[in-house]
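Chemist:
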Amino acid sequence: MTRLNLSESGKAIQAELSPRQAAALTSSRIVRVEPGRRPGLWRISGNRLVGAARIGGIDVRIAPKTPVARLLFLLAYTAAPDRWYPEPIAASERDGLLPAVAYAFVRAAERGLRHGALQGYVSVDATLPVVRGRIRHADQLRRHFGRAFPVEASYEEFTEDIPENRILRAAARRLLALPGVPATCRPELRRVIAALPDVEDVPSTRALPDWTASPDNARLRIAIRLGELVLRGASYELDDGGTVPVDGLLINMEKVFEDFVAVSLREALRPYSGYVITDGGRHFLDEAHRIRLLPDVVWCRGDGTAAGVADAKYKSDSVRGFPNADLYQMASYCLGLGLDRGHLIYAAGERPALRHAVRHSGIELIQHTVPLAAEPPTVLTAISRIAAALANKS
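Its first residue numbered 10, the sequence shown is counted upward by one per residue in the numbering used here.
#1: Can you give me the start and stop residues for the beta strand (DSSP E) that residue 128 sits inside?
#2: DSSP on residue 221, reduced to helix/strand/coil?
#3: Please report the distance separating the alpha-carbon of residue 28 from that of residue 259.
#4: Excluding five sequence neighbours on each side, which residues of the same chain lie with their C-beta closer than 6 Å to the C-beta of residue 54?
#5: Determine, using beta carbons only, whether residue 402 and residue 355 come nearer to each other than 8 Å.
#6: Going along the chain, which residues of its own chain have a beta-carbon closer than 8 Å to the beta-carbon of residue 97, five neighbours each way excluded?
#7: With DSSP as the reference, please indicate the residues paired to residue 20 in a beta bridge.
#8: Could you check if residue 166 is buried or exposed, using at least 16 other CB atoms within 10 Å of its CB as the buried criterion?
#9: Is the separation between the beta-carbon of residue 218 and that of residue 208 shorter than 8 Å?
#10: Quick one: Cα of residue 365 to Cα of residue 374, how far?
#11: Measuring CB to CB, does residue 191 end up less than 8 Å from residue 73?
#12: Rounded to whole angstroms, what is the Cα-Cα separation between residue 318 and residue 235?
#13: Residues in the same chain with beta-carbon distance under 6 Å from residue 335, minus the five sequence neighbours each way, listed in chain order, please.
#14: With residue 309 as the anchor, note down where its beta strand (DSSP E) starts and where it stops.
#15: Can you tell me the Cα-Cα spacing of residue 113 and residue 69, whole angstroms?
#16: Among 168, 197, 127 and 297, whose alpha-carbon lies nearest the alpha-carbon of residue 182?
#17: Please say whether residue 357 and residue 274 have beta carbons closer to each other than 8 Å?
#18: I need the straight-line Cα distance from residue 389 to residue 382, nearest angstrom please.
#19: Could you have a look at residue 32 and say whether DSSP puts it in helix, strand or coil?
#20: For the stretch 168-181 against the stretch 121-129, are there 3 or more C-beta pairs whose distance is under 8 Å?
#21: Grouping DSSP H, G and I as helix and E and B as strand, with all else coil, what is residue 118?
#22: Helix or strand or just coil, what does DSSP make of residue 152?
#23: Determine the burial state of residue 225: buried for a count of at least 16 other Cβ atoms within 10 Å of its Cβ, exposed for fewer.
#24: Which class does residue 265 belong to by DSSP, given the choice of helix, strand or coil?
#25: Helix, strand or coil for residue 260, going by three-state DSSP, please let me know.
#26: Label residue 50 either buried or exposed according to how many other C-beta atoms from any shown protein chain fall within 10 Å of its C-beta, with 16 as the threshold for buried.
#27: Looking at the secondary structure, which residues open and close the beta strand (DSSP E) in which residue 355 lies?
#28: Between residue 85 and residue 231, which are expected to be in contact by the criterion C-beta below 8 Å, what is the C-beta distance as a whole number of angstroms?
#29: Could you have a look at residue 63 and say whether DSSP puts it in helix, strand or coil?
#30: Report the three-state DSSP secondary structure of residue 138 (helix, strand or coil).
#31: Our contact map puts residue 298 next to residue 345 with C-beta atoms below 8 Å; I'd like the distance itself, whole angstroms only.
#32: For residue 54, report the span of its beta strand (DSSP E) as first-last.
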């Protein structure tokens, strides 16, 4: 099998491909494919994604520019819409992304399942020979025409077949099916599945089960989050809104960085008076409310008015590479929100913030950088500085 080893930030590689292979890679849009200097030779480079996938008989590996251990640290934040409770996720730097995710998942799952599987109550609708729980009268009349039995009933059952366990079992099964997961990790994945024998298998075509973080599932929360990552990595969204299924695990680094900034800033802003909006879409540029503004973070006062705005940009490795279009966009955010300062946050190392005064407007645009390759405390310190600036405390 042909194997392509790419880097997220590296130069394009040259590869000999058949017309069928080139067409499969091109149509997938997972990588960029361009004709080479002669027929049959192609230039292939990454396209915002990292991970591993099998496309048209080609094994594609895209290594992240961020060290794997740091990437797992970011992923832990991105998967947590509720408050994040830090816990180390071990991964060897020599592991590739797919092995690292697999190892991190099994370690977290086995640690969480050490004292047994989670159990909880689930609602069950069933046709029963006896009365149990609540009778569904409308269904009883429609299906049985007034007969007393059987009974259409709804009841609560205490079981291991709950959403959290379904995610764990489905993620373990998916990792077992992926090429590139180390052989030494596979017995551990099988043990996770064996620990959940009474849990329903979730088809890959079905949406992820909904669950809510609680004290009861705290011991398995990291494993569940990583399991969701594995299951979501089976597909990715195109710019036109379509979804492409993937035989592998792919992660969109732009989305990872945007989510990390949104969640970590929300945490860093907790000491200040106000609250954070991270879902966008509540603010507009024009008076008629036709032009929607979609910043990643809006810091609001208690009365709901905007007090600060920030946007994450995973685009460049150097300050010189910051696009002017980002500044134009942030200036629009400031105008629409009635703010005199806006913050752009880049994954571009540890550098002093750049400040730009917009002529004839009184608006200041500030470009910050976050050193993703640094140790987590250094990354979070950078986020804390940005949070203080966003809250006008620095």
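Virtual Cβ for every residue (Gly too), placed ideally from N, Cα, C.
Predicted model only: the values in this text are computed from it and were never measured.
Modeler: To lay it out plainly:
#1: First-last for residue 128: undefined, no H or E at that position.
#2: coil
#3: 24 Å
#4: 21 and 41
#5: no
#6: Summary for residue 97: the model assigns pLDDT 44, below 50, so the residue's position carries little reliability; its value from the coordinates is reported in the next sentence. Contacts found: none.
#7: DSSP output for residue 20 lists no bridge partner at all.
#8: exposed
#9: no
#10: 5 Å
#11: no
#12: 30 Å
#13: 322 and 353
#14: 306-309
#15: 22 Å
#16: 197
#17: no
#18: 12 Å
#19: helix
#20: yes
#21: helix
#22: helix
#23: exposed
#24: helix
#25: strand
#26: exposed
#27: 350-355
#28: 7 Å
#29: strand
#30: coil
#31: With a Cβ gap of about 10 Å, residue 298 and residue 345 do not count as contacting.
#32: 50-55
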